[in-house]
Amino acid sequence: MSDEKVRSSGEVSRPEPVLPTVNPAAERPAPKSSIHPAVYVSVWITLSSSVILFQKYLLDPNRFPYPIVLTTWHLSFATLMTQILARTTTLLDGRKNVKMTGRVYLRAIVPIGLFFSLSLICGNVAYLYLSVAFIQMLKATTPVAVLFATWGMGMAPVNYKVLLNVIVIVIGVIIASFGEIKFVLIGVIYQVAGLTFEATRLVMVQRLLSSAEYKMDPLVSLYYYAPVCAVMNAIPALFLEVPKVTMDQVYGVGIWTLIANAGVAFLLNVSVVFLIGKTSSLVMTLCGVLKDILLIVASMVIWGTQVTKLQFFGYSLALMGLVYYKLGGEKIKEYTGQASRSWAEYGANRPVQRKLVVIGGFVLVCFLFMGSVTPGYTPEAVKSVLGGATPGTR
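Each residue of the sequence shown is one higher than the one before, counting from 17 in the working numbering.
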């Protein structure tokens with residue numbers, strides 16, 4: 017998938033559906049730990065970003081362009097691992113508090129699993145057409161999709177004030193889309209469909225979790241959803257992709273590479289369990305924004321993705337709208353005041369470190385800006401400059 021994204025589901029701030037996630041607010045008794053919350057956040061950002069970049073790498077048309085097969089493999093691996101963990105650790109003891117019956121499984125888990133499978137398939141197919149950077153920009157509209165799904169399914173009344181808030185996000189993403197150099201309509205359609213399915217799934221999960229007896233953390237939800245999702249993904253995979261897969265492609269990618277890919281996706285769900293309750297909504301919102309920015313930078317460095325000035329402006333506008341929507345004006349004022357005091361105190365106590373942070377932030381902004389104004393050095397561009405063929409071009 018030459019362009020990004022695998023769905024990670026352990027929805028904390030916005031993670032990115034890899035595998036199913038449920039109820040980020042689920043109460044889960046956890047022993048007190050001396051580990052700083054920053055460690056949990058850093059691990060989550062690393063794993064979440066790694067899953068997306070790994071997916072993009074594997075789904076390259078010249079490597080293993082079979083998103084449904086890869087998703088089925090992830091879910092099958094998750095099914096096996098959750099069964100092992102349930103029998104050997106206490107990480108899945110929360111399932112004992114869930115009153116799961118055959119009737120509930122068929123009426124709640126299976127339908128939610130269907131939408132989850134559809135979101136994964138559409139989201140992963142989009143990697144075949146779009147860049148990681150552009151997909152991250154489109155993902156900024158996820159809260160908007162969830163909001164409309166909430167209204168459409170009658171979970172909350174329509175609020176026009178909230179609608180005005182999210183319009184900023186939509187406008188920002190639209191501007192970024194106009195600035196996309198390699199705009200592929202079919203890829204955008206798949207990505208939007210994936211976001212729609214994911215938003216519907218999240219609202220259905222919210223409805224299920226409205227009852228205390230069905231509260232689940234992301235790992236417990238994965239325990240229930242992974243098997244049915246694996247089966248649902250396997251059916252289209254058998255007809256659409258399995259006949260095209262060759263053992264040469266599998267060996268070319270490497271068995272251990274595929275195992276590592278599924279392992280990273282599974283560890284992302286485990287990290288979400290440990291992350292719950294360790295940080296505030298502000299920290300998770302800002303960390304989600306930071307993760308998206310880092311992925312865009314990674315896309316520019318690894319695949320030479322060019323981000324235009326129009327995209328830079330549009331995505332910045334969307335991120336500001338996203339932060340305002342998630343936190344609200346009053347919270348932003350409160351946190352801004354706290355941040356100003358903490359920043360001044362930090363500068364007084366550690367002036368050198370503060371200068372390094374400022375320099376690092378300035379360098380990152382300059383890199384993003386320069387990446388948006390400099391020309392993209394594609395093989396075709398190099399060929400035209402040299403006036404001849406270049407190695408590796410077709």
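Just so you know, even glycine gets a beta-carbon here, dropped at the ideal spot from N, CA and C.
Going by DSSP, what residue range makes up the alpha helix (DSSP H) through residue i?
| i | result |
| --- | --- |
| D264 | 263 to 269 |
| P243 | 234 to 256 |
| Y341 | 325 to 343 |
| E214 | 201 to 224 |
| K155 | 148 to 155 |
| P83 | 83 to 104 |
| Y176 | 176 to 195 |
| P159 | 158 to 168 |
Go ahead and pull the three-state DSSP assignment for residue i.
| i | result |
| --- | --- |
| R370 | helix |
| D76 | coil |
| Y145 | coil |
| G118 | helix |
| L283 | helix |
| P259 | helix |
| T273 | helix |
| K349 | helix |
| K198 | coil |
| M171 | coil |
| Q322 | coil |
| L108 | coil |
| K307 | helix |
| I61 | helix |
| I12 | Here the chain has residues from 17 to 410 only, and residue 12 is not among them. |
On a Cα-Cα basis, can you pick out the residue from the options that is closest to residue i?
| i | options | result |
| --- | --- | --- |
| A215 | Y241, K177, I202, K155 | K155 |
| P53 | T321, V299, Q327 | V299 |
| G345 | S237, W359, V178 | V178 |
| G7 | V323, E350, N365, V368 | This structure does not reach residue 7, given that the chain is present from 17 up to 410, and the question cannot be answered. |
| K115 | L107, I125, T106 | I125 |
| S66 | K349, L311, V317, G337 | L311 |
| T166 | G330, T212, I137, F150 | T212 |
| K72 | V160, N365, G139, A209 | G139 |
| V55 | A209, S287, T158 | S287 |
| A281 | T95, P81, Y230, R217 | T95 |
| S133 | K231, A102, S356, A209 | A209 |
| S76 | L101, T117, V269, P252 | For the record, residue 76 in the displayed sequence is Asp; it is not Ser. If we check each option's Cα against that of D76, V269 comes out closest. |
| L69 | Y267, N365, W319 | W319 |
| A233 | A360, P81, V289, Y267 | Note on identity: in this sequence residue 233 is Asp, with Ala being the wrong assignment. Per the Cα distances, V289. |
| S135 | V189, I84, K347, I348 | I84 |
| K198 | A102, I151, P159 | I151 |
| M169 | T157, R217, L86, G188 | R217 |
| Y121 | Y240, G330, V200, V381 | Y240 |
| R223 | R111, A172, V258 | A172 |
| K112 | L254, A364, Y230 | Y230 |
| V186 | V368, T158, N175, Y176 | T158 |
| P127 | N175, M248, F93, Q99 | M248 |
Compute the beta-carbon to beta-carbon distance between residue i and residue j, rounded to the nearest angstrom, for a pair I have assumed lies under 8 Å.
| i | j | result |
| --- | --- | --- |
| Y143 | I202 | The pair is not a contact, with the Cβ atoms about 12 Å apart (cut-off 8 Å). |
| L333 | V204 | Wrong, their Cβ atoms sit about 19 Å apart, outside the cutoff. |
| L283 | L63 | 6 Å |
| V57 | T321 | Not confirmed; about 26 Å, so no contact. |
| L274 | W89 | 6 Å |
| V7 | Y341 | Residue 7 lies beyond the range of the chain shown here (17 to 410); nothing can be said about it. |
| V162 | V219 | 7 Å |
| I191 | L108 | About 44 Å separates the two Cβ atoms, so there is no contact after all. |
| W60 | L343 | With 8 Å as the limit, W60 and L343 do not qualify as a contact, their Cβ atoms being about 19 Å apart. |
| L338 | A242 | No, L338 and A242 are not in contact; Cβ-Cβ is about 29 Å, not under 8 Å. |
| G188 | Y331 | 6 Å |
| L129 | C245 | Before going further, note that residue 129 is Gly rather than Leu in the sequence given. Confirmed, about 5 Å. |
| T87 | I137 | 6 Å |
| L446 | N285 | A query on residue 446 cannot be resolved here, the shown segment of the chain reaching from 17 to 410 and no further. |
| V261 | Y82 | 6 Å |
| F80 | Q207 | 20 Å between Cβ atoms; not a contact. |
| L335 | V305 | 6 Å |
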